[in-house]
Amino acid sequence: MNAQDVVQQVRNADLRLVRFLYCDNGGIIRGKATHASKIATRITEGIGQTLAMQAFTSVESLAPVEGMGPIGEFRLIPDPQTFVTLPYVPNTGSMMCDMILTDGRPWDACPRTFLKRMIAQYATLGMRAEAAVEHEFYFAREEDGSYLPADNSLCYSSRGLDDQAEVVDEILTALELEGVSVELFHTELGPSQQELSVRHADILRAADNVCLVRETVRGVARAFNLLASFAPKPFLDQAGNGAHIHLSLWGIENSENRGKNLFYDAGERGGLSEPGKHFIGGVLRHIRGLVAITCGSPNSYRRLLPHYWSSAYGAYGFDNREGAIRIPSVFWGREAQSINLELKCADHSGNPYLSMGALLAAGLDGIKNSINPHEPQEIDPGNYSDEEREQRGI
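Take the sequence shown: its letter number 293 is residue 292 in numbering that gives the first Met the number 0, and every next letter is one higher.
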């Protein structure tokens, strides 16, 4: 879809507003809306926004960042390929935007542009990344000034699917209309906790999808008088919410590995190739800095605890859900297509563009420098002593 297509769709659908959205450094989706009558010019000229907005926190305080104060502007320039008509609000469309300075240069503080830069670096090596995210969230109701889980269903229970069937059906319908392919939906460990898994896509589209899913789930839930909370730990005595990132690398069209999953090698344990191991090695080497991005709030660290299946340790393993990286079991007959890695230490308080871009950056260091990870862990790393974890590089 190009700019002209967007203008035509806005007119055909008789929309009144089009939202120009972005995700800030605090993981908050923000933006402005243009009147539909101005869409033809706005789509190329953009909408002005103060530079200070990239220093706003998730609690609406302004962090003291040089160059992000009352002086200066950037432009929200939308990507026409992200245009959707929003099913949960009347006469409104939306697009995700890049941040462009008033002199026409991409702003270094734009998270979406950062991810694009990492994509370009992989392309020079003949590689491209695909990703998907597992979205965990709670449905809650307001009672006596507090929010409580909307039901008390059990993990994976069919009753839980029944309890929220109407709102879930509306969410899935809305996402389908927006072009998001949902693969799985089920209840999770906490009461009224849900998990929605989206089909993998090229990594930029996958990050855009994260924003679209969050906006849609919340918007539809409001129509049912529900709060949808993606907070890492909305209820301190219940399971936390993750945003696990699944990622694989593929050969680009004009490379010798065209169309091949570069993480797969049938001759290696679990089918995990040398490039896949090196990618993991890079991620684990940088895991402390990476987690500061992928788990971007104090609330995140109430979730990342030992023995909670939330990846409290810098380790990896095959179907080991206590390590930072899990290598999921491949599907029979589709081994080469289905192998991927799952970064479990990620949640929705992180900006998806920064999280995925930082994951690519760490993995790229591993590939370029042939960083080998330690041996995959076959038990819960929390069962080792501190000395044993140190010996194993955990």
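By construction, the Cβ of each residue, glycine as well, lies at the ideal position given by its N, Cα and C atoms.
In this model, Arg-127 and Leu-225 are separated by some 39 angstroms (Cα to Cα). Per the coordinates, the alpha-carbon of Ala-314 lies some 17 angstroms from the alpha-carbon of Ala-291.
In the same chain as Tyr-121, and ignoring 5 residues on each side of it, the C-beta atoms closer than 8 angstroms to its own belong to Arg-127, Ala-128, Leu-248, Leu-359, Leu-363, in chain order. The three-state secondary structure of Phe-278, taken from DSSP, is helix. Counting the other CB atoms within 10 Å of its CB gives Ile-326 a total of 16 or more, which places it among the buried residues. When the beta-carbon positions are compared, Gly-241 and Glu-133 come within less than 8 angstroms of each other. With 16 or more other Cβ atoms inside 10 Å of its own Cβ, Lys-232 counts as buried. Counting only runs of 4+ residues, the alpha helix (DSSP H) found wholly inside the stretch 154 to 239 occupies 157 to 162, 164 to 176, 202 to 222, in chain order.
In the same chain as Ser-156, and ignoring 5 residues on each side of it, the C-beta atoms closer than 8 angstroms to its own belong to Thr-186, in chain order. Under the 8 angstroms Cβ criterion, the stretch 146 to 164 does not count as touching the stretch 270 to 286, having fewer than three qualifying pairs. Restricting attention to Ile-378, Thr-81, Arg-18, the CA atom closest to the CA of Met-0 is found in Thr-81.
Only residues of its own chain outside the window of five on either side were considered, and among them Glu-133, Glu-182, Leu-183 have a CB closer than 6 angstroms to the CB of Ser-196, listed in chain order. The three-state reading of DSSP puts Arg-18 in strand, counting E and B together. At least 8 angstroms separates the beta-carbon of Ile-170 from that of Met-355.
Using a C-beta cut-off of 8 angstroms, the stretch 367 to 378 makes no contact with the stretch 251 to 266, since fewer than three inter-stretch Cβ pairs fall below that distance. The Cβ atoms of Ala-206 and Tyr-87 lie no closer than 8 angstroms to each other. As computed with DSSP, Lys-31 is found in a beta bridge with Phe-19. Only residues of its own chain outside the window of five on either side were considered, and among them Ile-38, Ala-39 have a CB closer than 6 angstroms to the CB of Val-6, listed in chain order.
The three-state reading of DSSP puts Arg-74 in strand, counting E and B together. Distance from the CA of Arg-391 to the CA of His-373, rounded to the nearest whole angstrom, comes to 7 angstroms. In the pairwise beta carbon analysis, the stretch 268 to 276 is classified as not touching the stretch 250 to 259: fewer than three pairs are separated by under 8 angstroms. For Pro-148, the enclosing beta strand (DSSP E) stretches over residues 145 to 148. Taken through DSSP and simplified to helix, strand or coil, Gly-45 comes out as coil.
Selection Tyr-137, Asp-318, Asp-13, Arg-74 evaluated against Arg-41 yields Arg-74 as nearest (Cα-Cα). In the three-state scheme derived from DSSP, where H, G and I count as helix and E and B as strand, Tyr-307 is classed as coil. For Leu-100, same chain residues with a beta-carbon under 7 angstroms away, outside a window of 5 residues either side, are Phe-73, Trp-106 in chain order. The Cβ neighbour count for Phe-234, taken over all protein chains shown within 10 Å, is at least 16; the residue is labelled buried. When only Cα atoms are considered, Met-94 and Asp-78 end up about 6 angstroms apart. For Phe-19, the number of other beta carbons within 10 angstroms of its own is at least 16, and it is reported as buried.
In the structure shown, Ala-128 adopts extended strand secondary structure according to DSSP, grouped into three states.
In its chain, beyond the 5 residues on either side, Pro-231, Tyr-300, Arg-302, Leu-303, Cys-344, Ala-345, Asp-346, Ser-348, Gly-349 have a beta carbon closer than 8 angstroms to the beta carbon of Cys-294. Cα atoms of Gly-45 and Cys-22: separation of roughly 16 angstroms, rounded to the nearest angstrom.
At the C-beta level, Val-17 and Ala-2 stay beyond 8 angstroms of one another.
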